[in-house]
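A.B. asks: Those letters in the sequence shown? Residues 38 to 411, per my numbering, in order. Where is the CB? At the ideal position from N, CA and C, for every residue including glycine. The structure presented is a predicted model; accordingly, all values stated were derived computationally and were not measured. So that we are looking at the same thing, I have put the structure below in structure tokens.
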Amino acid sequence: MAASPNFPAPTRDLCGAMLVHRRLLNESMTYRAQRARIENRALLYETGRRSSTRSGVVTIPVVCHVVHNPADPSQNIDDAQIHSQIDVLNKDYRAANSDVSQVPRVWQPLVADARIEFQLAAQDPFGAQTNGIVRVETGKEGFDTDDAVKSANTGGADPWPSDQYLNIWVCRLGGGLLGYAQFPGGPPQTDGVVILNTAFGTTGTAAAPFDGGRTATHEIGHWLDLFHIWGDDDGACTNDDRVADTPNQADHNAGKPTFPHVTCDNGPNGDMFMNYMDYVDDAAMFMFSKGQGERMNACLEGARASFLVARQAAAGPAQPVGAAPSGTPRAANGAVPAQGGDVERLLADTERLTQAVLTEIRDALGLVTGRVSG
Ligand SMILES: [Zn+2]
């Protein structure tokens, strides 16, 4: 399918994460409440009143849903392209990317190893072996930020339990969108990231200048609670990304800027435009900051604590599962959710989250009192 008015060439300044964020804030009291709680927690980490208790590296199991229209075989990207994307994530989130050396000297001490790795799931929600890749045919020409790609009922693919897996949907996106993400605190049935198929990985159909795999690095940054580095205030300098070590900057950057680029009186060093959460070309972004690392820690030990406390679906032993009708979606813990039971799903998720937080509080108290929690 060639470019058309509905499918113009993508530009970085069409990440749809904030669109989704604002829509959910408008629509959902639950989301507003969750976001307030998540922000409070992030502030504790950001101000040093609370620090990360996790040691080592967390591995996030990933399921990649390739949603493709058979009329355009190029949408059905091959396994190698998907693996190339996972490789980029495992470099970028460990500060092991070769281009990290291009970070200006003044900011090199701020480069963060986020201690997060990604692995295509080895077990599906039923405990069966998988390569972590799901291929689904669609009759749709393409998708938008309306989450249609996240449900089989609307021409997409249903997610795997989003407290156990990072769901990545790869598809054709309209409107010049490169991708979008759902911030933590949103509905579990739409949780994950969506990436344009030609901006995914580094091989196959990946097209310059977004062929470095950095769209997924950026969108997963949102999934881990990072905001755009300029604060989405359209150049006003009034809002920032709620991370102290990233300079306040006016608006997003694009292409390959030259250092320094001064805005909002942030001289002499200017914008940290080489940050993954700006909008520059893939070849011009190389780092997360330590403050962003703390914000991701707050998320991983809070709203996404299930990835720390749950046994890793990618590598761990299968959860015991009982008999379920074929095709019945179920959580990785074996629970079969009520059909259409959003409330039940929400309650189950809340209960899991509460357990995770309680475990974490017990551990934190154990550190203070010297007692080890059971
Ligand atoms: Zn974005």
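#1: Thinking just about the alpha-carbon of each residue, which of D161, A185, P246 is nearest to the one in Y217?
#2: Give every residue of the same chain whose Cβ lies closer than 7 Å to the Cβ of Q286, excluding the five residues on either side of it in the sequence, and list them in chain order.
#3: Would you list the residues sitting across from R172 in a DSSP beta bridge?
#4: Do you know whose CA, among H105, I123, A149, lies nearest E178's CA?
#5: Counting beta carbon pairs with one atom in the stretch 306-322 and one in the stretch 122-142, are three or more of them shorter than 8 Å?
#6: So, is G250 buried or exposed, given that buried needs 16 or more other C-beta atoms within 10 angstroms?
#7: What are the boundary residues of the alpha helix (DSSP H) that V125 is part of?
#8: Would the beta-carbon of T240 fall within 8 Å of that of Q118?
#9: Cutting at 7 Å between CB atoms, please list the residues of its own chain near T227, excluding the five before and the five after it.
#10: Taking the Cβ atom as the reference point for each residue, do V94 and E154 lie within a distance shorter than 8 Å?
#11: State yes or no: is the C-beta of A291 nearer than 7 Å to some heavy atom of ligand 1?
#12: Once the 5 residues before and after A246 are set aside, which same chain residues still bring their CB inside 7 Å of it?
#13: According to DSSP, which residues form a beta bridge with T96?
#14: Closer than 8 Å is the cut-off here; do at least three beta carbon pairs connect the stretch 202-215 with the stretch 163-182?
#15: Using CA coordinates, which residue listed in V57, Y82, N190 is at the minimum distance from G330?
#16: When you compare each of E256, R341, D270 to M314 by their alpha carbons, which one comes out closest?
#17: Check the DSSP bridge columns for L337 and list the partner residues they point to.
#18: Please give me, in chain order, every unbroken run of the beta strand (DSSP E) with length at least 3 that falls completely inside the stretch 179-240.
#19: Assess contact between the stretch 151-170 and the stretch 191-205, defined as three or more Cβ pairs (one per stretch) separated by less than 8 Å. Is contact present?
#20: Restricting to Cα atoms, I'd like to know which of P297, P294, T242 is closest to D116.
C.D. replies: Inspection of the coordinates gives the following:
#1: As a position in the sequence shown, residue 217 is number 180, starting the count at 1. The option with the nearest alpha carbon to Y217 is A185.
#2: In the sequence shown, counting from the first residue as 1, residue 286 sits at position 249. The answer, listed in chain order, is I266, W267, T300, C301, N303, D308.
#3: Counting from 1 along the sequence shown, the entry for residue 172 is found at position 135. Answer is V103, bridged to R172.
#4: Translated into the one-based positions of the sequence shown, residue 178 becomes position 141. Nearest option by C-alpha distance: H105.
#5: yes
#6: In the sequence shown, residue 250 corresponds to position 213, counting from 1. G250 is buried by the Cβ-count criterion.
#7: Position 88 of the sequence shown, counted from the first residue, corresponds to residue 125. Note, V125: alpha helix (DSSP H), 116-129.
#8: If you number the sequence shown from 1, residue 240 lands on position 203. If you number the sequence shown from 1, residue 118 lands on position 81. In contact: T240 and Q118 (Cβ atoms closer than 8 Å).
#9: On the sequence shown, position 190 is the one that residue 227 refers to. Hits under 7 Å: D184, K187, Q219.
#10: As a working note, residue 94 is residue 57 in the sequence shown. As a working note, residue 154 is residue 117 in the sequence shown. Going by C-beta atoms, V94 is nearer than 8 Å to E154.
#11: Position 254 of the sequence shown, counting from 1, holds the residue named residue 291. No, ligand 1 has no heavy atom inside 7 Å of this Cβ.
#12: The count along the sequence shown starts at 1 and reaches residue 246 at position 209. The sequence shown places Pro at residue 246, not Ala. Closer than 7 Å at the Cβ level, and outside the excluded window around P246, lie D318, D319, A320.
#13: Walking along the sequence shown from the start, residue 96 turns up at place 59. In the DSSP output, where bridge partners are listed per residue, T96 has E154.
#14: yes
#15: Position 293 of the sequence shown, counting from 1, holds the residue named residue 330. Looking at the Cα atoms, Y82 is the closest of the given residues.
#16: If you number the sequence shown from 1, residue 314 lands on position 277. Closest by alpha carbon: E256.
#17: Within the sequence shown, numbered from 1, the residue matching residue 337 stands at position 300. In the DSSP output, where bridge partners are listed per residue, L337 has none listed.
#18: 203-208, 216-218, 230-233
#19: yes
#20: Working through the sequence shown from its first residue, we reach residue 116 at position 79. Minimum Cα distance to D116 is reached at T242.
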